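Take a look at the structure set out below.
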Amino acid sequence: MSGGDIAGLIAAGVFAVLVALLAVPVWKLGKVFDEMRSAIRTLSEETTPLIDEVTTTVSTTNQQLQKVDGISSNVSDATANLSALSSLVAATVGSPLIKVSAFSYGVRSALASRRTAGRGRRSR
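For the sequence shown, the numbering used here puts the final residue at 148, and the numbers step up evenly by one.
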């Protein structure tokens, strides 16, 4: 063996050690990629039913909101009708009631003043 052969063997040995040292991180990186692929598959399998449930929930919620919209529309109409009825009752009953009240006040005032005047004559 010559000096060149020994240098070649040493270089080959160093290269083999270098390849071995680089193989370990590459092997671990392969395991990381396997775990990542497994996690993505699991996430995908669990997400699909969840998205289906959310879609169903949103659809049901929209149906309920349409019902509530109809109910609130009917309540609004009923409120408008009650307001109109209240205005009609106030216009129909209010004016004559005010007149009756004014008339009864006038009668009471007249009777009260007559009683006061009658008492004044009797005491003399």
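All C-beta atoms in this analysis are idealised placements derived from N, C-alpha and C, irrespective of residue type, glycine included. Keep in mind that this is a model prediction, so the values were computed, not measured.
- Excluding five sequence positions before and after residue 102, none of the CB atoms of its chain fall closer than 7 Å to its own CB.
- Cα atoms of residue 69 and residue 86: separation of roughly 27 Å, rounded to the nearest angstrom.
- DSSP, reduced to helix, strand and coil, places residue 26 outside both helices and strands of the structure shown, so it counts as coil.
- If the five residues before and after residue 45 are omitted, its C-beta is found closer than 6 Å to no C-beta atom of its own chain.
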